[in-house]
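Chains as they are written, first to last, in my numbering: chain G, 1 to 575; chain L, 576 to 1150.
Number of protein chains: 2
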Amino acid sequence: MDLKTRIDVAAGRRPADLVLRGAKIVNVLSCEVHDGDVAIVGDRIAGIGRYESAQVVDLDGLYICPGLIDAHVHVESSMLSVPQFARVVSAHGTVAAVTDPHEIANVMGTEGIRYMLASSKHCPVFIYVMVSSCVPASHFETAGADLDALDITPLLSDKWVLGLAEMMNYPGVVAGDPQCLAKLAASADYVIDGHAPGLSGRDLCAYVASGVASDHECTTAHEAAEKLRRGLSIMIREGSQAHNLDALLGVVTPATADRFMFCTDDKDVADLMSEGQIDHMIRRAVALGMDPIIAVKLGSYTAARYFGLRDLGAVAPGRLASLTIVDDLEQFRVRKVYHCGKLVAEDGLPIEQPGGEPRRLTLRSSVNVKWIEPDQFVIVATGADPVGVHVIEVKEDRIDTERSLEMITPAGGALHADPTRDLAKLAVIERHQASGTTGLGFVRGFGMTGGAIASTVGHDSHNMVVAGMNDADMCAAAVHLVKIRGGFCAVHDGRVLADVPLPIGGLMSDADPATLSDQLDLLHQRTASIVKALRRPFMALSFLSLSVIGKLKLTDQGLVDVDRFELIDLLAGSA
Amino acid sequence: MDLKTRIDVAAGRRPADLVLRGAKIVNVLSCEVHDGDVAIVGDRIAGIGRYESAQVVDLDGLYICPGLIDAHVHVESSMLSVPQFARVVSAHGTVAAVTDPHEIANVMGTEGIRYMLASSKHCPVFIYVMVSSCVPASHFETAGADLDALDITPLLSDKWVLGLAEMMNYPGVVAGDPQCLAKLAASADYVIDGHAPGLSGRDLCAYVASGVASDHECTTAHEAAEKLRRGLSIMIREGSQAHNLDALLGVVTPATADRFMFCTDDKDVADLMSEGQIDHMIRRAVALGMDPIIAVKLGSYTAARYFGLRDLGAVAPGRLASLTIVDDLEQFRVRKVYHCGKLVAEDGLPIEQPGGEPRRLTLRSSVNVKWIEPDQFVIVATGADPVGVHVIEVKEDRIDTERSLEMITPAGGALHADPTRDLAKLAVIERHQASGTTGLGFVRGFGMTGGAIASTVGHDSHNMVVAGMNDADMCAAAVHLVKIRGGFCAVHDGRVLADVPLPIGGLMSDADPATLSDQLDLLHQRTASIVKALRRPFMALSFLSLSVIGKLKLTDQGLVDVDRFELIDLLAGSA
């Protein structure tokens, strides 16, 4: 819509395309709620006041908020493709999500990032990308890509790229690591997001002085207050795992609210569908006593401002007509969502746009393994005496692990799983270069009685992770994941109990949210017949290879003692 | 200073260049006052906490604020050159001024704007430029330049240009005038400042919808509240003439403070020297009851944020070490000013930087008049009967005028000034194209007893304005201004009583502030011998040609009936 037409509509010289009437407007600029028609022409708000149109929608006392913005989210964590993710969160009032394609970048590099950018077109949500800063995340595992400053620079010129994603290697930044500094320098004219759990004092100063502008890892009010004081904008996070809202809310005052935003970081499809996204955070913040207008401001305007998205974040003339309409500011039930002047969701359901089908893009299979054989899973041990092995101890809903030492007696020249001691075998198979590199170990905590489970989601390099009680089932599970181009599966006695195909990078489904959710439910239900001790065994499995969070992890290169930051032998005697 | 060094200093691995110790830090991000050493390396703050340096300055309980920012100022109104302006305001704690070179642009066009940009280098203040949007300001006068969208575009790519200056032609924007829209479209990716006194309702929506982002013309709380609500950032103004702070302060709340800034717009050298600039506004705001931290925030951070100046506006690691240090937050007496890590002012006096002399640039004389002759001032009238003439009525400290009708009897074929009725003659001589075009008329209100006064400051086209009681003195005054390359002068019986040379565009002095101030004092003192009714006759004179503010004005093209928006004849009978 041209400027002249917009001005003509605003001045009342020609009718609007659409007028929203009878609602209360949540004004995050003046921090008040007021009446007024919202006149829309093309994709933008022309005026607020008294307006006419051939199309008037009476909102009868509903509240019009600025469309919501998730300031930091990994779409891959939803396991949905970008268009399907957009449909789900749009129905929850989100109009823009700032994403870090960290997972797919670790698998597919810039090809993965560009795929995310391309597949986000014609979605009911603006998907902005921050370029992943830490690929690979660790040098103890073989990732699918290695992005340095030279790879980041060309991506920054894309209109939908806003800057550098969470600089997770905060020790590297604080130490002045040249690779980190080169990435920061390449992004100096853009927004640079941070990620620095627990960083404090002079190290925090060093991190902020490097140009990092935000943090979403605060877990205590004290931590958030210090980071706020030192100049970081604070993204308050409520995801599937991390729940920081309750702890941080007290730090937000009306005067400092402009330095806070809301984000989900990692939230799976089931939680997105049942709870919502930023709408859920506003609801919870208001329930905890936050002024609803401030809560809406944190869920829209402050994120828009932080990222320089001048067209979003407020119900005001000239801004995009991307609006979230709710019943009231306490329940915050999303009734209608407009994006760029079009109704895109109503009462929780997406509204298909004529001619606006999301692009369907193909991406080559990411699961590139050397031919898998059962003997790949054998842990060789000669002699007849028990040997000491390092065992990873997994806990429900934790991404870190404990560690222990167990004595295992070799049998047939190998070490085996032992259900009587809840000892399963664990394998991490490199799946990017088809190198055949495989790390082997033991894990306790699954309560596995037989069979095997496998996943191509294996943070952060997303090699294939397999846990099982015998080599044949482990091999069968791994082979099945190759056949379905990645995903999750459970195998017992050579038979696939259930699977969830995640063919996009081995991380994301191409199914719709309901189908994916049903597949996940079935998988969990059937897996429960062989895994007795964990409710979410695939979540646990996917973090057993995350070698940047302690204490003991397994990558394709072997066991990682995270505290000592080195690879160690599986056998304790030789360590 | 490279990033590595800054991080090393922040982390405490190497000493800072300078540590400010023992002060209280006014933190506009966390909205609190706290202790801490401020460690500076090169031009930036490295860290805040405990730091060491070979150079430690003990500030002994003083308050460190972010360097102050004037969000909108016409340097020309100070009558100082840019470097001299910078010295004055720097001593008052200003580290950045966002300027609109509207006056010199009307005289010298893009050459004038580029002169301002060039002469702002090596100053103790960052001078940012917004490209003047309304040159000429009116079609009833001959300006020195005509800037359209094509002229604006190349300027926008300059690093020190932030966007389009106050779009004063708000009726044009609201009406959808193609010239206005072209300028807005050319600047759409930049900041666009507004200027819309009294605009309200749907017309205000139209103005905001056009992309304008701010307004500095609010005079009532009601007006500011409506503009805030509709999406404009509000610049609260305290200049030499306009005083809006008291009226608007009540609209600012902690929650909305991020939408307000401070500015001076027009402030002359005497007021800048005696009162200050943004420091004066903070002092006054605090005296009126505003939370001092919020007041400092409006004088620094919010302006930095609005203009996207990420390196300014807060005392935080990584930001420029541009700091204003004051005794306390009530008196707000500026004790030390650091800019980019260097001490640039102390106790009201600038500190010369070794090797940092401001550039001295020459600018060709702007006073281009056809040869001036006494008969140029003759108002021809034949016959012996009194004729009715339109008379401009000037008032002290007002930029608008009243109007009246007077009967004057011709003598010697002409109409003359009449001291018994306080009727002076007024002439406006085109001074850009040397066309000889001259507007003639009468003005009442100066209380002039004889002689003439003249000025090359004549808003907005800055033609030469002369008021006098006889043609000979008017001619002598005009000729004197040509000789001194522009400025002010007073003449009596052919003798120059006093003058103030303003050789830079006929608008600005090349003298230092004290000299200019003394020159102005002497001028006013001597002019008082012939001008009895106005304390500031040159201020009044300079606005008699401003043809966009009513009721009756004189330009080089003749009398302008501003309300009817047309040129009219001097003689009432023929109107």
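Note that the Cβ used here is the ideal one computed from N, Cα and C, for glycine as well. Just so you know, these numbers come straight off a predicted model, no measurement behind them.
C-beta atoms of F543 of chain G and I392 of chain G nearer than 8 angstroms: no
Any idea what DSSP makes of P66 of chain G, helix, strand or coil? strand
Going along the chain, which residues of the region 230 to 254 of chain G sit with their C-beta nearer than 8 angstroms to a C-beta in chain L? R230, G231, T253 and P254
So, are the CB atoms of A1200 of chain L and D764 of chain L less than 8 angstroms apart? This structure does not reach residue 1200 of chain L, given that chain L is present from 576 up to 1150, and the question cannot be answered.
Validate contact between the region 362 to 373 of chain G and the region 530 to 549 of chain G using beta carbons, cut 8 angstroms, 3 pairs: no
Note down, in chain order, each residue of its chain lying with its Cβ closer than 6 angstroms to the Cβ of L1015 of chain L, except the 5 sequence neighbours on either side. I954 and A1002
Going by DSSP, which residues form a beta bridge with C1064 of chain L? L:A1029 and L:D1074
Of the choices L:T717, L:D721 and L:G1081, whose alpha-carbon is the least far from that of V706 of chain L? L:D721
Please name the residue, chosen from L:A712, L:V682, L:W735 and L:D726, that lies closest to S694 of chain L on a Cα-to-Cα basis. L:W735
So which residues of chain L does K395 of chain G contact, with C-beta pairs closer than 8 angstroms? Within 8 angstroms Cβ-Cβ: nothing; K395 of chain G doesn't reach chain L, min ~34 angstroms.
Of the choices G:H492, G:V491 and G:I484, whose alpha-carbon is the least far from that of S509 of chain G? G:I484
What are the residues in the region 194 to 213 of chain G lying within 7 angstroms of chain L by C-beta distance? G201, R202, D203, C205, A206, V208, A209, S210 and G211
Any beta carbon of chain L sitting closer than 8 angstroms to that of L312 of chain G? no
Endpoints, beta strand (DSSP E) assigned at D768 of chain L: V766 to G769
Output the distance between the C-alpha atoms of H459 of chain G and A196 of chain G, rounded to the nearest integer angstrom. 18 angstroms
Can you tell me whether S1149 of chain L is helix, strand or coil according to DSSP? Caution applies to S1149 of chain L, whose pLDDT of 49 falls short of 50 and renders its modelled position unreliable; the model cannot decide the point.
Go through its chain and collect everything with a Cβ distance to S574 of chain G's Cβ below 8 angstroms, but skip five positions before and after it. Confidence is the limiting factor: at S574 of chain G the pLDDT is only 49, short of 50, which leaves the residue's position unreliable, though a coordinate-based value still follows. Closer than 8 angstroms at the Cβ level, and outside the excluded window around S574 of chain G, lies no residue.
If I measure Cβ to Cβ from K1126 of chain L and keep anything under 7 angstroms in the same chain, skipping five residues before and after, which residues do I get? D975, T976, E977, R978, V1137 and D1138
Under 8 angstroms between C-beta atoms, does A621 of chain L make it to chain G? yes
Terminal residues of the alpha helix (DSSP H) in which M1039 of chain L lies: Careful: M1039 of chain L lies outside any alpha helix (DSSP H), inside the beta strand (DSSP E) at M1039 to G1043.
Could you give the distance in angstroms between the alpha-carbon of S78 of chain G and the alpha-carbon of D43 of chain G? 29 angstroms
Amino acids of chain L, ordered along the chain, whose beta-carbon sits closer than 7 angstroms to that of N169 of chain G: Here the premise fails: no neighbours, minimum Cβ distance about 13 angstroms.
With the cut-off set at 8 angstroms, would you say T877 of chain L and P254 of chain G are in Cβ contact? no
In chain L, what lies closer than 8 angstroms to N27 of chain G by C-beta? R804
Can you find a C-beta in chain G that's less than 8 angstroms from the C-beta of K579 of chain L? yes
Could you give the first and the last residue of the continuous alpha helix (DSSP H) run that contains Y301 of chain G? Y301 to Y306
Simplified DSSP state of R283 of chain G, which is helix, strand or coil: helix
Cutoff 6 angstroms; reference P1076 of chain L; Cβ partners in own chain excluding five residues on either side: I1059 and G1062
For T674 of chain L: DSSP bridge partner residues: L:V648 and L:V704
Neighbourhood of D843 of chain L by C-beta, 7 angstroms cutoff - its chain only, sequence neighbours within 5 removed: S652, S653, M654 and S815
C-beta atoms of I853 of chain L and L593 of chain L nearer than 8 angstroms: no
Using a cut-off of 8 angstroms between C-beta atoms, extract the partners of A800 of chain L located in chain G. S30
For chain L, is any of its Cβ atoms less than 8 angstroms away from the one on H222 of chain G? no
C-alpha distance - R589 of chain L paired with K579 of chain L, whole-angstrom precision: 11 angstroms
Is it the case that the Cβ atoms of I639 of chain L and I900 of chain L are separated by a distance below 8 angstroms? yes
Are N463 of chain G and T142 of chain G closer than 8 angstroms when you measure CB to CB? yes
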